[in-house]
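K.L.:
Below are the structure tokens for one structure; questions will follow.
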Amino acid sequence: MKKMFTALVGVVSVVGLLSVAACSNPASIGLEQAEPVQVEVSTVQETLLPGRAILLEAKVTQGNDKVEDAQEVKFEIWKKDQPNHQTVTASHWKDGVYRIKTMFPEDGTYNVIAHVTARDMSVMPQKELVVEKVLGTK
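Residue numbers (the numbering used here): 63 to 200.
Structure representation (structure tokens):
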């Protein structure tokens, strides 16, 4: 009888501990998940013209924080359906925005992938850019 009582107390104790752990706040037991790093790729200019300087930027955030300490921000750029890719390392400009100055030599559709490593996370958003000649420009 004593052995059965001891076993029952042991089972109840284990079930109780599991219940408390399952209902606990994850942060209180060291399991807090960091918010993901978000990257928004854009151009400063609204109209992208061939042969003209273009500022390409990646806005890097984590929750409400502007990430100013990214380990790496690079832009991979290539013209659609072309095998040659160019990779350019970006510099931190301000407020979590990383920039490069580039130029698209001819009109067409270009793909851009921002390769961002920040706060032990990697993010690779892709954006398609259309570079067009505007009537009246050379």
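Heads up, the beta-carbon is just placed ideally off N, CA and C, and yes, glycines get one too.
Given the structure is predicted, the values throughout are model-derived calculations rather than measurements.
#1: At 3 residues or longer, what runs of the beta strand (DSSP E) sit wholly inside the segment 87-142?
#2: Going by DSSP, what residue range makes up the beta strand (DSSP E) through Gly170?
#3: Within 10 Å of its beta-carbon, does Leu117 have 16 or more other beta-carbons around it, so buried, or fewer, so exposed?
#4: Taking the CB atoms as reference points, tell me whether Ile162 and Val150 lie closer together than 7 Å.
#5: Glu102: which of His147, Gln144 and Tyr160 sits nearest, CA to CA?
#6: Report yes if the CB atom of Pro112 is closer than 7 Å to the CB atom of Glu168, and no otherwise.
#7: Would you give the residue range spanned by the beta strand (DSSP E) that Glu190 belongs to?
#8: For Gly158, count neighbouring Cβ atoms within 10 angstroms of its own Cβ and tell me buried if that reaches 16, exposed if not.
#9: Please say whether Ala132 and Met165 have beta carbons closer to each other than 7 Å?
#10: Mind reading off the beta-carbon distance from Thr105 to Glu134? Whole number of angstroms is fine, and I expect it under 8 Å.
#11: Pick from Glu119, Phe137, Ala120 and Gln124: whose alpha carbon is nearest that of Pro98?
#12: Can you check DSSP and say which residues form a bridge with Gln148?
#13: Output the boundary residues of the beta strand (DSSP E) element that contains Val159.
#14: I need the straight-line Cα distance from Glu245 to Ala96, nearest angstrom please.
P.N.:
Short version:
#1: 99-105, 115-124 and 134-141
#2: In the DSSP assignment, Gly170 falls within the unbroken beta strand (DSSP E) covering Gly170 to Ala180.
#3: exposed
#4: yes
#5: Tyr160
#6: Yes, the Cβ-Cβ distance between Pro112 and Glu168 is below 7 Å.
#7: Gln188 to Val193
#8: buried
#9: No, the pair does not count as a contact, with Cβ atoms beyond the cut-off.
#10: Thr105 to Glu134, Cβ: 21 Å. No contact.
#11: Gln124
#12: Ile139
#13: It spans Val159 to Met165 - the beta strand (DSSP E) in which Val159 sits, taken as one unbroken run.
#14: A question about residue 245 goes unanswered here, because the residues of the chain that appear run from 63 up to 200.
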